[in-house]
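Note sheet for the following structure.
There are 2 protein chains.
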Amino acid sequence: MEKSYVVGIDIGGQSAKLGVVDARGNVLSQTVVKSNDTTDINVFIEHLCTAVEQIIKDAKLTKDQILGIGVGAPNANYYKGTIEHAVNLTFCGKDLVLPFADMVTKRIGLPVRLTNDVNAAAIGEMTYGATRGMKDFIVIALGTGVGSGIVVGGQLLYGHDGFAGELGHVTMVRENGRQCGCGKKGCLETYTSATGVARTAREMLEKTNKPSLLRNIPAASISSKDVAEAAQKGDALAKEIFEFTGNMLGAALADFIAFSAPEVIVLFGGLTKSGNLILDPVLKSMNENVMPIWKNKVKVVFSQLKESDAAILGASALAWELRD
Amino acid sequence: MEKSYVVGIDIGGQSAKLGVVDARGNVLSQTVVKSNDTTDINVFIEHLCTAVEQIIKDAKLTKDQILGIGVGAPNANYYKGTIEHAVNLTFCGKDLVLPFADMVTKRIGLPVRLTNDVNAAAIGEMTYGATRGMKDFIVIALGTGVGSGIVVGGQLLYGHDGFAGELGHVTMVRENGRQCGCGKKGCLETYTSATGVARTAREMLEKTNKPSLLRNIPAASISSKDVAEAAQKGDALAKEIFEFTGNMLGAALADFIAFSAPEVIVLFGGLTKSGNLILDPVLKSMNENVMPIWKNKVKVVFSQLKESDAAILGASALAWELRD
């Protein structure tokens, strides 16, 4: 029987989204299972695989029409098929190394490819999205953290150990940089993630007396969404926060270009909802900081994956590799 | 006839070194031609190709035993076979784009592969040197400038336009950085090249009153070699200069690791003659600045190519690609 369908699973800290996908990127059926209701990996695998079997049925397909399963997860290692020391996953935690791909295969009888969530997004973008047909690009995910997926010569860059592409953790501020969750200081992520934007807002509100709509919100609960909404209403301080964030990100992108000379950089994740508020300063700063040979030559675009499906599509795209 | 030999040509601002090389990296014959005695590219091509024919004869070979010619040159584009805007080459200059590979092939009847000099070194290292059998590594050349060659998955990273791997031009100092020849400020190259070390020496001598052997040398003529010699004699200020340089380079390497997760970083070029003076602070700073997952995991080694042959070997290695 021809295997013309794949399953994509995106595992986050609260839930796992999964769907059956065809070769053109249509999600035929999908569902969600909780990922934070157990500390027992065997229980989670059972819940997950039961749901996989259900969505295959929902799509009016059988298992032998499924080429394989692609999984995007935090701290996932492509080479080993493991999820390692994932502090945000209750069934993993900081000490465990889970042979996740093997466990799923054993339970459900389908081959599994695993990679980190942003690598999955990069493959999704190349398969169905903004970079179809491109061989050299970088995807930067601006969410709770900052992740990246780097594609060179049409191949995802995994590096020697499978963990390449941690661009959220290059050092942008070398003195008195913000403490990062990774243990370092001054990482890009501490400034240009959604939480980084909220942190910048709190700092700017505290350091200045400038009027701002953001002063109506308790400081501790300000989110990047609040900052975007204030900026869209013309709030000067909120705009300044986006300029600061965009400047920092643009300077980082300039260095990334010196590394891999991408055709395009794709921005992905929650912060991209702020649109030109973030894109304009990013482009300005990137072109000011890049080597002259690349000035105004590298495009920066937002992800073109349909947002509600993006996570599933990205993960599913990984499973098409099983054709080779 | 079996084509078991290649020619390697390394083109620098003063001279081009060329040699005939066998599959094990033995240089069978070699010579040097001047590269700065003409502004006419046709004259240089004629000199160069006459010399190629001579060394083939010197090696007791004929042209039909030669697989091809590999060329390493500044501002060389692998995809297009061009040398572009090479200000340091009298026969090119900032305005010209020379179809160098085609010109050599037309004159001599052998296929030509061209890349920049540090990419050639990286291929040489992988073919004959410190990274034989490795698939993920970075070569950093610390010479008059700072160049790099990045290998991922066993392939040289060329990027979308063929110019990837300009790691000497990531920004290390974002405020009041040193002016770089590329037009930017604060580039790695302005601090960790041989000329960067000399510049640091002059700055430190001027800013402090610390005694130093370097004060016996006219400031304008201090070289990185002078600094290394003083440091080897125990000169405290000279040691401090190497620590500053190594700290900067190590911090940069930490960011490069976050990008491509290499197994090894190979240091190459004049500054490596200073041995542990540079290597010790590089390792310390790299491991302090890298993400915890890579702490003490990435090796930093010096090039293992025999120095007098390194440039020729690197370029020649490129020609073996023509077997495919």
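Order-wise, the sequence lines are chains X and S.
Heads up: the first sequence begins at 0 in numbering that gives the first Met the number 0, then just goes up one per residue.
Heads up: the second sequence begins at 0 in numbering that gives the first Met the number 0, then just goes up one per residue.
In this text, a Cβ means the ideal position worked out from N, Cα and C, and glycines have one as well.
Check the Cβ of S259 of chain X against every Cβ in chain S and list those closer than 7 Å, keeping chain order.
L156, G158, A163
Chain-ordered chain S contacts of P280 of chain X [CB-CB under 8 Å]
Ordered by position in chain S, no residue passes the 8 Å Cβ test against P280 of chain X, which lies about 15 Å from the chain.
If the cut is a Cβ gap below 7 Å, which residues of chain X does L166 of chain S touch?
A257, F258
Would you mind sorting E188 of chain X into buried or exposed? The rule is 16 or more other CB atoms within 10 Å of its CB.
buried
Using a Cβ-Cβ distance cut-off of 8 Å, determine whether G329 of chain X contacts chain S.
Since the first residue of chain X shown is 0 and the last is 323, residue 329 of chain X is not available in this structure.
Applying the 10 Å Cβ sphere with the 16-neighbour rule, what's the burial state of G245 of chain X?
buried
Which one of S:Y4, S:N25, S:V32 has the shortest CA to CA distance from L17 of chain S?
S:V32
Counting only Cβ pairs nearer than 9 Å, list the residues of chain S close to R173 of chain X.
M171, V172, R173, A250, N288
Test: I292 of chain X CB closer than 8 Å to a CB of chain S
yes
Within chain S, the residues that E262 of chain X reaches when beta carbons sit closer than 9 Å
G158, H159, D160
Three CB pairs or more closer than 8 Å across the region 105-118 of chain X and the region 137-156 of chain X
yes
Helix, strand or coil for V86 of chain S, going by three-state DSSP, please let me know.
coil
Check whether M171 of chain X and M247 of chain X have beta carbons under 8 Å apart
yes
Note down, in chain order, each residue of its chain lying with its Cβ closer than 6 Å to the Cβ of D225 of chain S, except the 5 sequence neighbours on either side.
I216
Rounded to whole angstroms, how far is the Cβ of V150 of chain X from the Cβ of D160 of chain X, which I believe are closer than 8 Å?
The pair is not a contact, with the Cβ atoms about 18 Å apart (cut-off 8 Å).
Can you tell me whether DSSP reads L47 of chain X as helix, strand or coil?
helix
When the Cβ atoms of the region 218-234 of chain X are set against those of the region 164-180 of chain X, are three or more pairs found closer than 8 Å?
no
Spell out the partners DSSP gives R112 of chain X in its beta bridges.
X:G69
Beta-carbon spacing of V19 of chain X, I54 of chain X below 8 Å
yes
Buried or exposed: where does E174 of chain X fall if 16 or more other Cβ atoms within 10 Å of its Cβ makes it buried?
exposed
What three-state label does DSSP hand L155 of chain S in the structure shown?
strand
Could you name the residues of the region 113-129 of chain S whose beta carbon sits closer than 9 Å to any beta carbon of chain X, in the order they occur along the chain?
none
Length at least 3, wholly inside the region 244-270 of chain S: the beta strand (DSSP E) runs in chain order
263-267
Note down, in chain order, all residues in the region 90-102 of chain X with a beta-carbon under 7 Å from any beta-carbon belonging to chain S.
none
Q231 of chain X - partner residues in DSSP beta bridges:
Its beta-bridge partners do not exist; DSSP assigns none.
DSSP three-state call for V226 of chain S: helix, strand or coil?
helix
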